[in-house]
Structure formats: C-alpha cells, structure tokens
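Using my numbering, the letters of the sequence shown correspond one by one to residues 309 to 750. We put the beta carbon where it would ideally sit given N, CA and C, even for glycine. What follows is one structure encoded as structure tokens, with my remarks underneath.
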Amino acid sequence: MAKTKKEENQVMENIISLAKRRGFIFQGSEIYGGLAGTWDYGPLGVALKNNVKNLWWKRFVLDRDDMYGMDAAILMNQNAWKASGHVAGFSDPLIECTKCKKRFRADHLDDHSKCPECGGKLGEPRQFNMMFKTYVGAIESDDSISYLRPETAQGMFVNFKNILDTFHPKLPFGMAQIGKAFRNEIAPRDFIFRVREFEQMEIEYFVAPHAWKETFEHFVKEVHAFIADVGIDAKKVSEHEIAPGDLAHYSKRTIDFEFEYPFGTKELYGLAYRTDFDLKAHSGVSKVDLSYYDEDKKERFVPHVIEPSFGVDRTVLAVLTSAYAEDELGGEKRVYLRLSPKVAPVKVSVFPLLKNKPELVAKAQEIWKVLKSEFGSVMYDEAGSIGKRYRRQDEIGTPYCVTIDFDTIEKGTVTVRDRDTGAQEAIKLDDLVSYLAQKLGS
C-alpha cells in the first residue's frame, strides 16, 4: 500500500532525526541558527560518504584501464565559464512575493499568482544566475572575477590536452573526478537533496563520434551496477528519458536516473551525451587545439563525450532512505538501518557482556584491537545494558555485534549477532576473523 503524504513526511523527519542523533549529518552553523542549504557530516556521515566514494572510485577508476583520475581546482579562469555557457546561461527562474519578500523557483510552483507561504501576490519571474561570484587577488575588478565552480566537469575538459600530452591515451578513454561544487540555490530544501555546497562524482568519457551510442548504453549498465554496489533499493529507481525540447544546450541525449525519495521521485544521477560541445567551446575561446589525432586512421577530430554524473549527497540520502526500517524484535519496537556492509560506517562492534568484570573487558579490548586491525571500522562499546548497545548499533547500521562473555574465557567462543534478524551464533575465537570476513564480503 502506498504511503500517504503525512507518512512520507514522517519517514523523512525520522531519517533527519536519526542522522543528527547518531552523528551522521548536522545542520551547518547550527549554533548560529544555521545557514540554509549547508550541512555538516559528522563522524558516521563522513565514514558513510567515504565508503560511497571509495566504491565509486573502485568501479569507475581502479577496476578499469581506460580511466584517468583528476582533482582540478575549484577556482578557474573566468573565461572557462564563459566558454562553457555558465556565465550567460546558468540560471533558474526566480520569483519573489511582494508581501513577505520570500523567494521561490518559479518552475517549482504550481500557482504563480499566490505566495505558497503567506498568500501574497507574486512578482514576475526573472532569471537568477546560480554561480557564486568571487574575486581573485587584492583588487576587485572585472579582470579578477572568478566563480566557485558549479560543476566538476569543466575542470576535466580544460585538462584534456594535458592528459593527451602526458599519458598519450588512445580513444576511448575517460577522466574521473570527485569534488565539491557550489550553486547559489534559490530555495534549498529536502535535507541534503538540494543544497548550496555539495559533492559530485563525475566522468567525462571521450569517444570517436560514431561510438557514442554503444558507450552510452555501456554506462547505463554501469550506473545500475553502482546503484547495486551501494545498496540503493533498485525497485525505487527508474530511468527518465529527457525530451528533446528539454535537453541542456550541450546535450543530444540525456537520461535521468530517478529515485523515489520520501518527498517524491527526483533525479539521483544523470547520463548525458555532450557531443563535442565542450572541447570545441574551450578550443574556440582559449585558441588551443583540443582535437585528437588517430594514429591508426591517420585522421584528426574532436572527440565526443559521454558524461555519467553522480551526486555524493543525493547518493547518501538514497542509501539512508533505502536502509531505514522499523520493526519489532524481541517484543520491542526498533529502528535500524539495513546498510550494505560495503557502505556501513561501522562494520563490527565489540562488547564485553559486563563492564564491571575486568577479565571480560580486557578480553573484549584485545579482540576489538585484532578486529580493528583487520577490518578498520570496528567500534568498542561497554555503556549501558547489552540490549541498549544492540539498539544503538542497529540505528547506525552496524551489520554484526560481537559479545565477549564468560564462555569466551572458558570455552574460547564469542557470540556474534546479526543486525537484520537479531539471530545470535556462537563462533570459535580462532574462526572469528574468517567468519566475519566472509559475512562482510571482504
């Protein structure tokens, strides 16, 4: 049965509450009343986000022999943004209430005559450039203008020639980058979905003009494979083909991979066929030749580009949404995150059954150190009852808990508890590392 709007809002509120309560995500500048569209990742949020990025980098860079990693500067020469079309055209329609003065994106409003907040009259829509403008150097002048990049793509296009000259790759090949981007959103909303500072994982994949369709379909499959990697619910993912009249100025074909968030079905990832627009644009403005010479065919041409684009923050939100669950275990209601072990911020947690028994504490800390050296993300917890400790670990998505009890001292066994089922199993201490390695898939 489909959830009502009220139920969907409650799920979102529950996720936001859990994220703060357990140290995943905090409101930016919270002690000063916050800053709209900014969020800070706490210890568990950073771990989750890094696991997502590491899986992406492994799939799209480390496991391939045709990809070159990049980390381009956030600030670029302003001419790069003129060439890309961002200075002239990177804008959204802004509409302002004449009464309360609140601003909205016109394309997000159903009724352009009435303010959704106060009911006042709305003004006429006008275009609003979303780039953050700044100045480089001591003097503020037209020549010193720069921008916080609104996307990571252009940093790769302007380095295309550097990759050719340094590594001499043959087509097809790609450039991959993970980095921050900034957009002065008119109305940031929906937690970390639409924000002013965010992180992207992007690829610019260069192909011969005739090979774009085959490459496009290849990356459609790769996007779905990555969705499975991070544990996003595939049943909530759909493909949306962008109509020709709605395509961006650089695109000849674009698919949005949409996810069913609690607040609606929205874009998660994008896959665009950018043709040769970007390289030609930068070549024209910079006067630098950005063509490719095919040694085998003895011909020179400007490569075409396939761009898979992934938002890190939107991925984190989709992962949390997919993992969030409520059930009843042992006669008690519980909230837990069914996170894949690949992205879970804590893989294993180790407990002494009783913290007032020195022999159990000493043994638990010894086992914790062994598991930490083996798996890295391992937590030690001795605060509160064993039941409360299990619930804390369930809420942060820890797949397995290891309890050290008197059988550990006498028989050399530990109790391993499964997060999803609550089932407990006695495992010989000598077999613990291999048992967990198999369960965690490491």
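is_contact[residue i, chain D] using C-beta, thresh 8 Å
{"i": "A355", "result": "Included in the structure is just one protein chain, with no chain D present."}
Residue span of the alpha helix (DSSP H) that contains residue i, given as start and end
{"i": "P351", "result": "P351 to W365"}
{"i": "K409", "result": "K409 -> no alpha helix (DSSP H), and no H or E assigned at all."}
{"i": "L759", "result": "It is not possible to answer for residue 759, since the shown part of the chain is limited to 309 through 750."}
{"i": "K328", "result": "K313 to R329"}
{"i": "M687", "result": "Careful: M687 lies outside any alpha helix (DSSP H), inside the beta strand (DSSP E) at V686 to Y688."}
{"i": "Y743", "result": "L740 to L748"}
{"i": "M464", "result": "A461 to F465"}
{"i": "A670", "result": "P666 to F683"}
{"i": "E703", "result": "I694 to I704"}
{"i": "I471", "result": "F468 to F475"}
{"i": "E718", "result": "F714 to K719"}
{"i": "K756", "result": "Summary: the structure shown does not reach residue 756, with the chain confined to residues 309 through 750, and so no result is reported for it."}
Contact under 8 Å by Cβ, residue i with residue j
{"i": "T562", "j": "A580", "result": "yes"}
{"i": "P611", "j": "Y600", "result": "yes"}
{"i": "F565", "j": "V531", "result": "yes"}
{"i": "C408", "j": "G428", "result": "yes"}
{"i": "R413", "j": "D400", "result": "yes"}
{"i": "V503", "j": "D419", "result": "no"}
{"i": "E510", "j": "Q485", "result": "yes"}
{"i": "I323", "j": "Y632", "result": "yes"}
{"i": "M439", "j": "N359", "result": "no"}
{"i": "V686", "j": "W676", "result": "yes"}
{"i": "G730", "j": "G638", "result": "yes"}
{"i": "L370", "j": "G539", "result": "no"}
{"i": "D586", "j": "S392", "result": "yes"}
{"i": "F567", "j": "D498", "result": "no"}
{"i": "I382", "j": "L456", "result": "yes"}
{"i": "L645", "j": "G705", "result": "yes"}
{"i": "V515", "j": "P477", "result": "no"}
{"i": "A327", "j": "L628", "result": "yes"}
Per DSSP, the bridge partner or partners of residue i
{"i": "T442", "result": "S454"}
{"i": "N437", "result": "S399"}
{"i": "R561", "result": "Y581"}
{"i": "Y792", "result": "Absent from the structure is residue 792, since the part of the chain shown begins at 309 and ends at 750."}
{"i": "D373", "result": "DSSP, once it has assigned bridges, lists no residue as partnering D373."}
{"i": "D726", "result": "Y708"}
{"i": "E510", "result": "Q485 and S617"}
{"i": "P653", "result": "DSSP, once it has assigned bridges, lists no residue as partnering P653."}
{"i": "R497", "result": "R502"}
{"i": "G429", "result": "The residue asked about is misnamed: residue 429 is Lys in this sequence, not Gly. Answer is K422, bridged to K429."}
{"i": "E794", "result": "In this structure the chain extends from 309 to 750, so residue 794 is not present and cannot be described."}
{"i": "E338", "result": "DSSP output for E338 lists no bridge partner at all."}
{"i": "L625", "result": "For L625, which the question treats as bridged, DSSP gives no partner whatsoever."}
{"i": "P660", "result": "I712"}
{"i": "V515", "result": "H612"}
Exposure label - residue i; buried when at least 16 CB within 10 Å
{"i": "I339", "result": "exposed"}
{"i": "D689", "result": "buried"}
{"i": "H518", "result": "exposed"}
{"i": "E512", "result": "buried"}
{"i": "K357", "result": "buried"}
{"i": "V444", "result": "exposed"}
{"i": "C405", "result": "buried"}
{"i": "N664", "result": "exposed"}
{"i": "S742", "result": "exposed"}
{"i": "C426", "result": "exposed"}
{"i": "A589", "result": "buried"}
{"i": "D379", "result": "exposed"}
{"i": "P649", "result": "buried"}
{"i": "I447", "result": "exposed"}
{"i": "S681", "result": "exposed"}
{"i": "E615", "result": "buried"}
{"i": "P496", "result": "buried"}
{"i": "H548", "result": "exposed"}
{"i": "H394", "result": "buried"}
{"i": "A396", "result": "exposed"}
Residue i: first and last residue of the uninterrupted beta strand (DSSP E) it sits in
{"i": "K504", "result": "Position check: residue 504 holds Arg in this sequence, whereas Lys was assumed. Run containing R504: none; DSSP gives neither H nor E here."}
{"i": "K755", "result": "Here the chain comprises residues numbered 309 to 750, so residue 755 is not present and cannot be evaluated."}
{"i": "Y632", "result": "Y632 to L637"}
{"i": "D602", "result": "Y600 to D602"}
{"i": "P616", "result": "H612 to G619"}
{"i": "F297", "result": "Outside the displayed range of the chain (309 to 750) lies residue 297, so it cannot be described from this structure."}
{"i": "A734", "result": "Q732 to K736"}
{"i": "V531", "result": "Taken as a continuous stretch (DSSP letters only), V531 belongs to no beta strand (DSSP E), being part of the alpha helix (DSSP H) at W520 to V538."}
{"i": "E607", "result": "E607 to F609"}
Inter-residue CB distance, residue i and residue j (contact presumed, cutoff 8 Å)
{"i": "G350", "j": "F332", "result": "6 Å"}
{"i": "P653", "j": "A672", "result": "Rounded, the Cβ-Cβ distance is 21 Å, inconsistent with contact."}
{"i": "E703", "j": "R330", "result": "6 Å"}
{"i": "G720", "j": "K696", "result": "Incorrect: roughly 27 Å between the Cβ atoms, too far for contact."}
{"i": "A489", "j": "E459", "result": "5 Å"}
{"i": "V643", "j": "L679", "result": "Not a contact, Cβ separation roughly 25 Å."}
{"i": "G482", "j": "D374", "result": "6 Å"}
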